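Whatever position you read off the sequence shown (first residue = 1), add 13 for my numbering.
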Amino acid sequence: HAHAHAHAHAHAHAHAQVALLTEERLLLDVYATWCGPCALLAPQMDTLARVLEGRVRVMKFDSEQSPGGAGLATSLDVRGLPTLLFISEGEVTHRVEGALTASRIAEIVEGVWFGGEMPRGPEYGDPGPEPAPPGLVFPE
14 HAHAHAHAHA HAHAHAQVAL LTEERLLLDV YATWCGPCAL LAPQMDTLAR VLEGRVRVMK
74 FDSEQSPGGA GLATSLDVRG LPTLLFISEG EVTHRVEGAL TASRIAEIVE GVWFGGEMPR
134 GPEYGDPGPE PAPPGLVFPE
């Protein structure tokens, strides 16, 4: 089973653009291979894919290696890596920058899509009227 799962990831980027438009609930991890926090996030995303199976589609998207990746990242207004995008039928409803633990991301998923208690705070992409200032420093 683990093998099939790994195999599915290889094809993930090819379908990213299609999935963006059709998935009811899509959690997209926009990353790059050189990005340290992205590497930390990868196993968390694998955990989430199992935890959320049947509820939320979890995909990884390499913003540099994928065909059209840079264009997709730009069209999604991705500035920092990694960025987690919460997408409903093509609309980005929420975004979080930086690596979080699977349990934290799962809390945000509950808040965004399932009426759960939303974690508050800038590191959770706390929705506010002001966009984050450039050069945002993540607290240790």
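A virtual CB, placed ideally from N, CA and C, is assigned to each residue, including glycine.
Values in this document were obtained by computation on a predicted structure and should not be read as measured data.
Residue j beta carbon less than 8 Å from that of residue i
| i | j | result |
| --- | --- | --- |
| Ala112 | Val43 | no |
| Leu61 | Ile118 | yes |
| Ala45 | Leu94 | yes |
| Leu33 | Gly103 | yes |
| Arg92 | Gly138 | no |
| Arg38 | Arg63 | no |
| Met72 | Leu53 | no |
| Thr106 | Gln57 | no |
| Glu123 | Gly129 | yes |
Unbroken alpha helix (DSSP H) run spanning residue i, endpoints
| i | result |
| --- | --- |
| Val125 | 115-126 |
| Ala62 | 49-64 |
| Ala83 | 82-88 |
Strand pairing of residue i, partner residues [DSSP]
| i | result |
| --- | --- |
| Leu39 | Arg70, Ile100 |
| Arg154 | Any question about residue 154 goes unanswered here, given that the chain covers just 14 to 153. |
| Tyr137 | DSSP lists no partner for Tyr137. |
Proximity test, Cβ basis, 8 Å: residue i and chain D
| i | result |
| --- | --- |
| Glu66 | In summary, chain D is missing from the structure at hand, where a single protein chain is found. |
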